[in-house]
Amino acid sequence: MSLSSVASPNSAQSAGAPTLGSLLSERIVVGVGDMAVSNRQYITTSTYALGSCVGVVAYDPTVQAGGILHLMLPESKLSPERARQHPAVFADTGIPQFLKSLVSLGARPGRLIVFIGGGALTLNQDNDLFKIGERNVAATRQILAHEGIQPKFSSVGGNANRSVHLEIGSGKMTLRMPQGTKSVVLG
52 MSLSSVASPN SAQSAGAPTL GSLLSERIVV GVGDMAVSNR QYITTSTYAL GSCVGVVAYD
112 PTVQAGGILH LMLPESKLSP ERARQHPAVF ADTGIPQFLK SLVSLGARPG RLIVFIGGGA
172 LTLNQDNDLF KIGERNVAAT RQILAHEGIQ PKFSSVGGNA NRSVHLEIGS GKMTLRMPQG
232 TKSVVLG
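The letter at position 140 of the sequence shown is residue 191 when you use the numbering used here, and the numbering goes up by one with no holes.
Next comes the structure, spelled out in structure tokens:
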């Protein structure tokens, strides 16, 4: 389901209106090939410049635990040593570690509400021989399915950069793109 086709339960609140969580929050910026999870109410996790990379946002509303994974490549077999040192770089090593980290905070895979975003074309479509964005999205969906998780929201493909923010206390996720900003409450 596309994020643009889903209305937030708090649809009266505009995407730009600040919440108490956003005013008091401490921001954790998730870089490329990294992840952050939390169950602290006033934490906001953010990642920027999702081009061909994929951002996975997961949130368990029952325990108010969530986070963001910013993966860069689909398969760790491309660089096994790098995967051992930095598993979040790859979909096949990063997603299981991300889910394990969420479970350690009390989240349950069956309760997770998941968004995936990114996987854009980085070059002119005719010249994008490697199709990294497309492969990242396919690997992400496959690994999540293997874990029994179906993303509820997504914004993938195209050629636009994306930034994503998750307020842990409220479950509010905000997606920023050149075309505009959209918010949805995950829970």
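Even for Gly, the Cβ is constructed at its ideal location relative to N, Cα and C.
Practice task
Determine the contact status of A142 and A196, defining contact as a CB-CB distance below 7 angstroms.
Solution key: Within the sequence shown, numbered from 1, the residue matching residue 142 stands at position 91. Within the sequence shown, numbered from 1, the residue matching residue 196 stands at position 145. No; because the gap between Cβ atoms is not below 7 angstroms, this pair is not in contact.
Exercise for the section: Look at the Cβ atom of G169, then the Cβ atom of L101, and state whether they are nearer than 7 angstroms. Expected result: If you number the sequence shown from 1, residue 169 lands on position 118. If you number the sequence shown from 1, residue 101 lands on position 50. Yes, these two residues count as a Cβ contact at 7 angstroms.
Practice task
Determine the DSSP secondary structure at H23, reduced to helix, strand or coil.
Solution key: There is no way to answer for residue 23, as the model of the chain reaches only from 52 to 238.
Exercise for the section: For Q201, collect the residues of the same chain with a Cβ closer than 8 angstroms to its Cβ; drop the 5 residues on either side in sequence, then sort them by chain order. Expected result: Within the sequence shown, residue 201 is the residue found at index 150, counting from 1. Once the five neighbours on either side are set aside, the close Cβ partners of Q201 are V165, L195.
Handout entry: For L226, the three-state DSSP class (helix, strand or coil)
Key = For the purposes of this step, residue 226 is identified with residue 175 of the sequence shown, where counting begins at 1. Strand at L226.
Practice task
Would you identify the three-state DSSP class for A142, choosing helix, strand or coil?
Solution key: To locate residue 142, count along the sequence shown from 1; it is residue 91. Of the three classes helix, strand and coil, the one that applies to A142 here is helix, per DSSP.
Practice task
Within the same chain, show all residues whose beta-carbon is closer than 7 angstroms to that of C104, passing over the 5 residues directly before and after it, in chain order.
Solution key: If you number the sequence shown from 1, residue 104 lands on position 53. Hits under 7 angstroms: V83, H121, L122, M123, G169, N187.
Problem - Sequence-distant residues of its chain with Cβ nearer than 8 angstroms to G112 (five each side left out) - result: By 1-based counting over the sequence shown, the position of residue 112 is 61. It is worth fixing the name first, because residue 112 is Pro in this sequence and not Gly. Counting only Cβ-Cβ distances below 8 angstroms, and skipping sequence neighbours, we find R162, I164, G222, L237, G238.
Problem - Which residues DSSP lists as bridging S130, in chain order - result: The residue you call residue 130 lines up with position 79 of the sequence shown. Answer is none; S130 lacks a bridge partner.
Exercise for the section: State the start and end residues of the unbroken beta strand (DSSP E) segment that holds T20. Expected result: Residue numbering for the chain in the displayed model covers 52 to 238; residue 20 lies beyond these limits and cannot be assessed.
Handout entry: Contacting residues, own chain, Cβ-Cβ under 6 angstroms from I146 (five flanking each side not counted)
Key = The residue labelled residue 146 in the question sits at position 95 within the sequence shown. So the list reads I194, once near-sequence residues are dropped.
Practice task
Measure the Cβ-Cβ separation of G157 and V114 and say whether it is below 7 angstroms.
Solution key: Here residue 157 refers to the residue found at position 106 of the sequence shown. Here residue 114 refers to the residue found at position 63 of the sequence shown. Yes.
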